[in-house]
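Visitor:
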Amino acid sequence: MAPHQPRLTRRTLLAGGAAVAAGAFLPWRRLLEAVRGRAIQGSVLGPSHAFAHRLRTGGFPAPARSDKTGVVIVGGGAAGLSAAWRMRKAGFEDFTLLELDAEAGGNARFGESPVTAYPWGAHYLPLPDAGAEYVVDLLKELGPVTGRDAAGRPVFDERYVCHAPEERLYVHGRWEEGLFPRAAASRAELDSWARFSERIAAFRRLKTRDGRPAFGVPMERSSRDPELLALDRLSFADWLAREGLGGGPLLWYCDYACRDDFGARPAQTSAWAGLHYFASRPAEASELTWPEGNGWLTRRLAAPIKERLRTGALVFRVEEVRDGVEVDWLDAATGEARRMSARAAVVCVPRFAAARIVPALAAEAAVTAAFVCAPWMTANLHVTDAPRGVGAEPSWDNVLHKSESLGYVDASHQAMGPVGRSSVWTYYRPFPDGLPAENRAKMLARPWESWKDEVLTDLGHALPGLERSVSRLDVWLWGHGMVRPSVGFMFGGERALAARPRGRIHFGHSDLSGFSLFEEAQYRGCKAAEAALLRI
Numbered sequence: 060m061a062p063h064q065p066r067l068t069r070r071t072l073l074a075g076g077a078a079v080a081a082g083a084f085l086p087w088r089r090l091l092e093a094v095r096g097r098a099i100q101g102s103v104l105g106p107s108h109a110f111a112h113r114l115r116t117g118g119f120p121a122p123a124r125s126d127k128t129g130v131v132i133v134g135g136g137a138a139g140l141s142a143a144w145r146m147r148k149a150g151f152e153d154f155t156l157l158e159l160d161a162e163a164g165g166n167a168r169f170g171e172s173p174v175t176a177y178p179w180g181a182h183y184l185p186l187p188d189a190g191a192e193y194v195v196d197l198l199k200e201l202g203p204v205t206g207r208d209a210a211g212r213p214v215f216d217e218r219y220v221c222h223a224p225e226e227r228l229y230v231h232g233r234w235e236e237g238l239f240p241r242a243a244a245s246r247a248e249l250d251s252w253a254r255f256s257e258r259i260a261a262f263r264r265l266k267t268r269d270g271r272p273a274f275g276v277p278m279e280r281s282s283r284d285p286e287l288l289a290l291d292r293l294s295f296a297d298w299l300a301r302e303g304l305g306g307g308p309l310l311w312y313c314d315y316a317c318r319d320d321f322g323a324r325p326a327q328t329s330a331w332a333g334l335h336y337f338a339s340r341p342a343e344a345s346e347l348t349w350p351e352g353n354g355w356l357t358r359r360l361a362a363p364i365k366e367r368l369r370t371g372a373l374v375f376r377v378e379e380v381r382d383g384v385e386v387d388w389l390d391a392a393t394g395e396a397r398r399m400s401a402r403a404a405v406v407c408v409p410r411f412a413a414a415r416i417v418p419a420l421a422a423e424a425a426v427t428a429a430f431v432c433a434p435w436m437t438a439n440l441h442v443t444d445a446p447r448g449v450g451a452e453p454s455w456d457n458v459l460h461k462s463e464s465l466g467y468v469d470a471s472h473q474a475m476g477p478v479g480r481s482s483v484w485t486y487y488r489p490f491p492d493g494l495p496a497e498n499r500a501k502m503l504a505r506p507w508e509s510w511k512d513e514v515l516t517d518l519g520h521a522l523p524g525l526e527r528s529v530s531r532l533d534v535w536l537w538g539h540g541m542v543r544p545s546v547g548f549m550f551g552g553e554r555a556l557a558a559r560p561r562g563r564i565h566f567g568h569s570d571l572s573g574f575s576l577f578e579e580a581q582y583r584g585c586k587a588a589e590a591a592l593l594r595i
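Under the working numbering, think of the first position of the sequence shown as 60, with each following residue one higher.
(1) Give the single residue among V534, R367, R559, S575 whose Cα lies nearest to the Cα of F151.
(2) Do you know how far the Cα of C313 is from the Cα of A137?
(3) Rounded C-beta distance between W484 and L440? I'm assuming under 8 Å.
(4) Is it the case that the Cβ atoms of D533 and V174 are separated by a distance below 9 Å?
(5) Please say whether I364 and A143 have beta carbons closer to each other than 9 Å?
(6) Starting from the C-beta of D320, find all residues in its chain whose C-beta is less than 6 Å away, skip the five residues before and the five after it, and write them out in chain order.
(7) Measure from the alpha carbon of A438 to the alpha carbon of each residue in P446, E423, Y486, then state which is nearest.
(8) Out of T427, T370, Q100, G479, which one is the CA nearest neighbour of P106?
(9) CB of V380 to nearest heavy atom of the ligand ATP: below 8 Å?
(10) Would you grab the beta carbon distance between R263 and A338 for me? Rounded to a whole angstrom, and I think it's under 8 Å.
(11) Using only CA atoms, which one of R124, R318, A149 lies nearest to F574?
(12) Taking A616 as the reference, give the member of P187, F169, A191 with the closest Cα.
(13) State buried or exposed for S569, treating a residue as buried only when at least 16 other CB atoms are found within 10 Å of its CB.
(14) Exposed or buried, what is P185 when buried is set at 16 or more other beta-carbons lying within 10 Å of its beta-carbon?
(15) Under the three-state reduction of DSSP, which class applies to M549: helix, strand or coil?
(16) Roughly how far, in whole angstroms, is the beta-carbon of A396 from the beta-carbon of A121, given that I think they are within contact range, below 8 Å?
(17) Could you name the residues that DSSP lists as bridge partners for G386?
(18) Note the first and the last residue of the continuous alpha helix (DSSP H) segment covering T155.
(19) Out of R292, D188, R563, W298, point me to the one whose CA is closest to V380's CA.
(20) Over what stretch of residues does the alpha helix (DSSP H) that includes T357 continue unbroken?
(21) Could you compute how far the alpha carbon of F295 sits from the alpha carbon of T267?
(22) Just to confirm, is the Cβ distance from E236 to L249 under 9 Å?
(23) When you compare the CB positions of G129 and E158, do they come within less than 9 Å of one another, or not?
(24) Here's a check: name, in chain order, each residue in its chain whose Cβ is nearer than 8 Å to the Cβ of P11, leaving out the five neighbours to either side.
(25) What is the residue span of the beta strand (DSSP E) that S481 lies within?
(26) Compare the C-beta of H441 with all C-beta atoms of chain C and state if any pair is closer than 9 Å.
(27) When you compare each of A391, A242, A176, E452 to T348 by their alpha carbons, which one comes out closest?
(28) Which residues in the same chain as E346 place their Cβ atom closer than 7 Å to its Cβ, once the five residues preceding and following it in sequence are excluded?
(29) Since H335 is in the alpha helix (DSSP H), which residue starts that stretch and which ends it?
(30) Considering only residues of the same chain and omitting the five flanking positions on each side of A161, which have a CB-CB separation below 7 Å?
(31) Give me the Cβ distance between L465 and A521, rounded to the nearest whole Å; I'm assuming they're in contact under 8 Å.
(32) Under DSSP, the beta strand (DSSP E) around G170 begins and ends at which residues?
(33) Is D208 buried or exposed, if buried means 16 or more other CB atoms sit within 10 Å of its CB?
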């Protein structure tokens, strides 16, 4: 503590109480912060909720102006930006991309500070194998893939591969390396972990009847063997129990994995999806990551199309007409409604949003209802001289055992030069329990101070005194953060139906894969772009 800061003593507190009695009326929280000599700043941020929620009420004005383009892309997340990238790769430049928010990027949005850039959402890309052709092609273009080895596998620039140490877990009062709580596990619990690992390895080795991997990325590469598809009708929790693996540290680890990738619990998750999480990638696979997370990718996808990218554009109607499509949208800057006429449209927004703007989907309420979106909160903590904790060294990913959060990632972890005293930590908190709609309403109504207290209390268990290192803590609310691969969702029929084009209107979004992964968003966007180009 700096010499000029007063110590928190009984005399200080009594003096503070007298000041309150005299009429200062400082809230207790502010009094404590004043005693510490500084207040943490921050705010609640997020996508354009109020603007987007106009889709609920409707009543849009008639378009006052009309424009023409070859193809309209609706949505500027990873899928929409990938659709534009694929069109440009095919030599087609006559498109316009309409994005609701002030910036493109979707859940790969990011922020910047004088210290470092930092993510607001998606923060890494697992190392792709040769079968993920679109991803490998993009990474080769942007630089992280430098070539291929003798076996045809991608070779990666080590600057972008996550540096060691990658992960640590706070459990039983100290930090340990890795994410499985191994140190205090019993012999039986370690045996369960070994048996689970062998089952996953067997799925990776499995020779399926159709010659595909049991679980692949993108997920369309996965086998359609009926025995594997039957796993979709079972919850991941039930599969673990059936295999005698449903308890102790292993169940916690699988719960963490499902919350991390799906915003759901194992009991809410398709067993096929849960196994895909573990078995779709090599055991030794690492990640590509950047200070701004996957924003590193999306801003490079957006940069070449600035002249064809319109932000602050709320699309409220996409409809096929006799000679093409009409797209009506509201300009956030002017409040003016405008119309874009095109030969085809590529709709790269979540299904719940597509159902509100595409009249052709109005009769498909049951399909739309199958798409359940998980709400999330993320927070960015601007820290200086932060405590390191007891045990394993600070890592890129820092997870707290039995916390409702997923812990935090350190945006400065990939720094090439000397690491300074300051950084930004991105904290992740899904809301898997309860009804998503009710959780969203509670999230929007909750004040910043409450979020701040929750984050600091949670992390403070593992890092005592952290609040003294934090100068700013901003919160970002993702009301519809990601689709959940619920039991029966992956192969129940609704997902495949939602992916089908409606005339000249094509759909591309990670929702259509059942996973909120960059590879899936890119795949869906590219495939929709290719289909649209065949129609014009």
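Ideal Cβ positions, reconstructed from N, Cα and C, are used throughout, including at glycine.
Guide: Checking against the coordinates, here is how it stands:
(1) In terms of CA proximity to F151, R367 leads the group V534, R367, R559, S575.
(2) Cα to Cα, the separation comes out at about 27 Å.
(3) 5 Å between Cβ atoms; contact.
(4) Annotated as distal: D533 and V174, with beta-carbon spacing of 9 Å or more.
(5) Inclusion of A143 and I364 in the CB contact set at 9 Å is warranted, their separation being smaller than that value.
(6) Result list for D320: Y336, in chain order.
(7) That would be Y486, whose Cα lies nearest to the Cα of A438.
(8) Of the candidates T427, T370, Q100, G479, the residue whose Cα lies closest to the Cα of P106 is T370.
(9) No copy of the ligand ATP appears in this structure; indeed no ligand is present at all.
(10) The C-beta distance from R263 to A338 rounds to 5 Å, short enough to meet the 8 Å contact threshold.
(11) For F574, the nearest C-alpha among the options comes from R318.
(12) Residue 616 lies beyond the range of the chain shown here (60 to 595); nothing can be said about it.
(13) Taking all protein chains shown into account, S569 has 16 or more neighbouring C-beta atoms within 10 Å of its C-beta and is therefore buried.
(14) By the 10 Å Cβ count, P185 comes out buried.
(15) In the structure shown, M549 sits in coil (DSSP, three-state: anything other than H, G, I, E or B).
(16) Rounded, the Cβ-Cβ distance is 6 Å, consistent with contact.
(17) The residue you asked about is not Gly; residue 386 is Val in the sequence shown. Beta-bridge pairing links V386 to V377, M399.
(18) For T155, no alpha helix (DSSP H) segment is defined; the enclosing uninterrupted segment is the beta strand (DSSP E) at 154-157.
(19) Looking at R292, D188, R563, W298, the one whose alpha-carbon comes closest to that of V380 is R563.
(20) Taken as a continuous stretch (DSSP letters only), the alpha helix (DSSP H) holding T357 covers 354-361.
(21) Rounded to whole angstroms, the separation of the alpha carbons of T267 and F295 is 21 Å.
(22) Not a contact, by the Cβ cut-off of 9 Å.
(23) Judged by their CB atoms, G129 and E158 are not nearer to each other than the 9 Å cut-off.
(24) As displayed, the chain neither begins before 60 nor continues past 595, which places residue 11 out of reach and without an answer.
(25) It spans 481-489 - the beta strand (DSSP E) in which S481 sits, taken as one unbroken run.
(26) The structure shown has no chain C; it contains just one protein chain.
(27) Nearest C-alpha to T348: A176.
(28) Residues Y183, L184, P185, L186, C221 of the same chain have their beta carbon placed closer than 7 Å to that of E346, with the five preceding and five following residues left out of the count.
(29) Following the DSSP letters along the chain, one finds H335 inside the alpha helix (DSSP H) bounded by residues 330-338.
(30) In its chain, beyond the 5 residues on either side, T370, G371 have a beta carbon closer than 7 Å to the beta carbon of A161.
(31) That pair is no contact at about 13 Å.
(32) 169-171 is the span of the beta strand (DSSP E), which, as asked, contains G170.
(33) Answer is exposed; the Cβ neighbour count stays below 16.
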